[in-house]
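Asker:
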Amino acid sequence: MKTVYFFIILGILFGQTFAQEALNKNASDSLYSPPLNIPLLLAGNFGELRSDHFHSGLDIKTKHQQGLKVFSIADGYISRIKISHWGYGKVLYVNHYNGTTSVYAHLQKFSPEIENFVQEKQYANKSFTIQLFPKKDSLKVNKEVPIAYSGNSGGSTAPHLHFEMRKTGTPIAINPLQFSYEVLDKTPPTLQKLFAYPIGQNSHVNKSENKVQISFKRTPEGIYQANPIEVKGSFYIGVKGYDRQELTANKNGIYHYKLSVNDTLNAEIKLDQISFNETKGINTLIDYPHLIKNRERIVQIFQQNKKTLSIFKSLKNKGIISLKPKETIDVRLELIDLHGNNIRIEIPVIGTLNEAIVKKTLFKTPFPVLFKNPAHYKLTHGSLYFPANSFYEDVYLNLETSRDTIKVHKPMWAVKKPFTLSFNSKNSAFSKYSYIAYRLGSKSFIYSSTKKEGEWLSTKTNKLGTYVIQQDSIPPSIRPKNFKGNQNIRNYQFLSLEIKDQETGIDTYTGSLNGEWILMEYEPKTNTLTHHIGARTKLKKNNELKIEVVDMLGNTQVYTTLLLL
């Protein structure tokens, strides 16, 4: 089992400067303890490449179960509490007195004191989902004292604890594994694929103006030796790989990339910290069209935009490598984990005068969206509006429209800012049940948040693809799971119902007992609505339970039953 211990050595402690000073591993007093009291095995590490974001913490395994005690890693106070159906689910933020904040997400429930505080606010606001910012020191916590229980809430797909460290009051997430720790990790990263991307007019690699996959083999000395490539002009490198630790099968992200040309550092990426303000910039780091086509992420050692991501610690000429005809250079790529385990990839490059045989297709259409400028296109059956900086580069779109369909190209580019897509009722038959849906497949659709204004039906979206007009007049369904009408619930600890909506999805839900609002917890992954019977549940001999569920278009279903005591 991989065991991770979070210890930090203190040297200088004051104000906001601590977040950097705390990285000193040579001081003497330990400050942080682990957030769980089991060996900490990582299902995901800091900075991993995720959908539209860098992973901002550690995913710690919880033995495939929920309900493990979660501890505050140091003294502090609860500064933020949030409960949402997706995202982090149930999450706690703890401010420590040294300028750092720890975050604990996908929780099952909070400690009794915190749970009681939250429920008071939920009942006051009559809402399960909530966000709270307790006053400083009003909810103090101590090191190694339980503050919550691990779970699978929110966007989590399996039980685990998502754990983060941040610089208090900033959008900066810190790699928790920088803090002094012991970990069993003697395994270097693994190289999976290697690419060369020609860039610039008339540039090509191996006579192709498109990206080229580079073959390689591993030598007995453990060095990855790539086949020589011939280049005219300029190019940059792309790489796919992963990192593992002992006794875990998870293929986690790589911490450190170093690219050198003739022993001179050309580019360096290091995942010590990430700003939430730039996390969507991941779409400029990866080869996004390759992701859409092949479902795999290639890291480009290259700066696509003018603004450099802060994870680039060194960058020469945007990572672009240029050479003259007949010139020979040695490119070296190193993949390094936080423990210093590393692999080296040697790529011989030869300059050439040969012309390209495989030409890059120049893709232009009558519908450009230039990087810095907004674009507005009126269509036969609707319109499209793209604000400035909608994309990370200039793009040329294919647009197709029919009475109830607007096709906005294929999803081959990342959208930076949402664009507005609208249908006009003069050309399409709308009803109060009409909405805009995004087509996932030939018969699969997903609701796109729809706004009705006069003769227009509009949605704001960040997905390229096909949008259609759909109809939803069917209300949600409600079905009790662990009880039935006129049943005695004297020994029940909770009431559970299944709620579903097949079309637009569930918007709101409300539960009441004898006319008074009760707290219902909604878990959309299992379509489950739950009321935990407790001190705030006011039961009588005969009790009327009423559940009301409303979908995104306002279609409403009401379930009522009598429960006995």
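What the sequence shown shows, in our numbering, is residues 1 to 565, in sequence order.
Note that the Cβ used here is the ideal one computed from N, Cα and C, for glycine as well.
Here the structure is a predicted model, which means the values were calculated and not measured.
(1) Could you tell me the distance, in whole angstroms, from the CA atom of E209 to the CA atom of L333?
(2) Tell me where the alpha helix (DSSP H) around I321 begins and ends.
(3) Starting from A356, trace the beta strand (DSSP E) in both directions and tell me its first and last residue.
(4) Taking a contact to mean a Cβ-Cβ separation below 8 Å, would you say I269 touches I311 in this structure?
(5) From A105 to F71, what distance separates their C-alpha atoms?
(6) Whole-angstrom Cβ separation of Y522 and F128, contact assumed at under 8 Å?
(7) Apart from the five residues on each side of it in sequence, which residues of its chain come closer than 8 Å, Cβ to Cβ, to Y77?
(8) Rounded to whole angstroms, how far is the Cβ of A295 from the Cβ of I286, which I believe are closer than 8 Å?
(9) Sort K280, S156, N45, V558 by Cα distance to I547 and report the nearest one.
(10) Cα-Cα, which of K318, G340, I345 is closest to V331?
(11) Assess, as a yes-or-no matter, whether the stretch 451-465 is touched by the stretch 414-427 under the definition of 3 or more beta carbon pairs within less than 8 Å.
(12) What does the alpha-carbon distance come out to for the pair H55 and G485?
(13) What are the start and end residues of each continuous alpha helix (DSSP H) run of 4 or more residues lying completely inside the stretch 100-174, in chain order?
(14) Can the beta-carbon of T62 be found closer than 8 Å to that of L161?
(15) Rounded to a whole number of angstroms, what is the C-alpha to C-alpha distance between V550 and Y509?
(16) Please report the distance separating the alpha-carbon of A27 from that of E144.
(17) Rounded to the nearest angstrom, how far is the Cβ of I81 from that of L92, given a contact under 8 Å?
(18) Could you check the C-alpha separation between K566 and F276 for me, to the nearest Å?
(19) Run the CB neighbour count on W86, radius 10 Å, all protein chains shown included, and call it buried at 16 or more, exposed below.
(20) Three or more C-beta pairs under 8 Å: does that hold for the stretch 432-447 against the stretch 379-398?
(21) Determine the burial state of I174: buried for a count of at least 16 other Cβ atoms within 10 Å of its Cβ, exposed for fewer.
(22) Which word fits A148, buried or exposed, when buried means at least 16 other C-beta atoms lie within 10 angstroms of its C-beta?
(23) By the three-class DSSP mapping on this structure, what secondary structure does E21 have?
(24) Please confirm whether G155 and K90 have their CB atoms less than 8 Å apart.
(25) Have a look at M165, S51, S473, T461 and flag the residue whose alpha-carbon is nearest the alpha-carbon of I292.
(26) For T556 and P198, what's the separation of their Cα atoms in angstroms?
(27) Tell me, which residues are paired with H574 by DSSP?
(28) Pop quiz: L259 and A226 are said to be a contact at Cβ under 8 Å. What is the actual Cβ separation, rounded to whole angstroms?
(29) Using 8 Å as the cut-off, can you tell me whether the stretch 487-502 makes contact with the stretch 525-535, which would need three or more C-beta pairs spanning the two stretches below that distance?
(30) According to the neighbour-count rule (16 or more other Cβ atoms, all chains shown, within 10 Å of its Cβ), is A267 buried or exposed?
(31) Distance, Cα to Cα, D185 vs Q201?
(32) Which value, in whole angstroms, describes the spacing of the CA atoms of G554 and T100?
(33) Would the stretch 33-42 and the stretch 106-125 be scored as touching if the rule is three or more Cβ pairs under 8 Å?
(34) May I ask which residues mark the beginning and end of the alpha helix (DSSP H) holding P289?
(35) Nearest-angstrom Cα distance between L399 and D501?
(36) Taking only the alpha-carbon atoms, compute the straight-line gap between L562 and G534 and give it to the nearest angstrom.
Answerer: The short version:
(1) 22 Å
(2) Unbroken run through I321 is the beta strand (DSSP E), 321-323; no alpha helix (DSSP H).
(3) No beta strand (DSSP E) holds A356; DSSP gives it neither H nor E.
(4) yes
(5) 12 Å
(6) 6 Å
(7) V94, N95, P134, K136, D137, S138, L139, K140, V141
(8) Before going on, a small fix: residue 295 reads as Arg here, not Ala. About 12 Å separates the two Cβ atoms, so there is no contact after all.
(9) V558
(10) I345
(11) yes
(12) 46 Å
(13) 112-125
(14) yes
(15) 6 Å
(16) Because A27 sits at a pLDDT of 29, beneath the cut-off of 50, its placement in the model cannot be relied upon, and the following sentence gives the value as read from the coordinates. So the alpha carbons of these two residues sit roughly 21 Å apart.
(17) 6 Å
(18) Because the chain is modelled from 1 through 565, residue 566 falls outside the range shown and cannot be assessed.
(19) exposed
(20) no
(21) buried
(22) buried
(23) Bear in mind that the predicted position of E21 carries a pLDDT of just 42, short of 50, making it too unreliable to give a figure here.
(24) no
(25) S51
(26) 57 Å
(27) Residue 574 is absent from the model: the chain starts at 1 and stops at 565.
(28) Actually they do not touch by this definition, with Cβ atoms about 13 Å apart.
(29) yes
(30) buried
(31) 45 Å
(32) 44 Å
(33) no
(34) 288-294
(35) 32 Å
(36) 19 Å
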